[in-house]
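If you're matching positions, the sequence shown starts at 1 in the UniProt record's numbering and goes up one per residue. Note that beta-carbon positions come from the ideal geometry of N, C-alpha and C, so glycine has one too. Data first, discussion second: the structure below is written as structure tokens.
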Amino acid sequence: MLATGYGPEFPYLLDGGALHAADLPPHRGGIATSAPGLGFMGIEFQRRLSSKTLRGVGRDADFVLRRVRR
Numbered sequence: 001m002l003a004t005g006y007g008p009e010f011p012y013l014l015d016g017g018a019l020h021a022a023d024l025p026p027h028r029g030g031i032a033t034s035a036p037g038l039g040f041m042g043i044e045f046q047r048r049l050s051s052k053t054l055r056g057v058g059r060d061a062d063f064v065l066r067r068v069r070r
């Protein structure tokens with residue numbers, strides 16, 4: 001688990017192939033599409049309108065954790 005603060009900052013993922021550019025990571029519902037076993041939380045509209053807020057992050061966390069564990 002890694003917390004990056006209040007704004008999305010992912011440049012450190014460029015070397016590992018998890019990003020195509022220094023932008024938001026490619027994902028489906030918070031599951032990285034270019035790096036197996038990597039999940040993201042708090043991305044705007046990740047799964048629903050509330051994904052970026054504390055109100056929605058719990059439901060998204062459950063979803064992401066279940067998929068990353070596979």
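Asked: Euclidean distance between Cα positions of V68 and D62; Found: 10 angstroms
Asked: Inter-stretch contact (C-beta, 8 angstroms, three-pair minimum) for the region 11–20 and the region 33–48; Found: yes
Asked: Contact under 8 angstroms by Cβ, I43 with P8; Found: yes
Asked: Whether F45 touches G30 by CB criterion (8 angstroms); Found: no
Asked: For R55, the three-state DSSP class (helix, strand or coil); Found: helix
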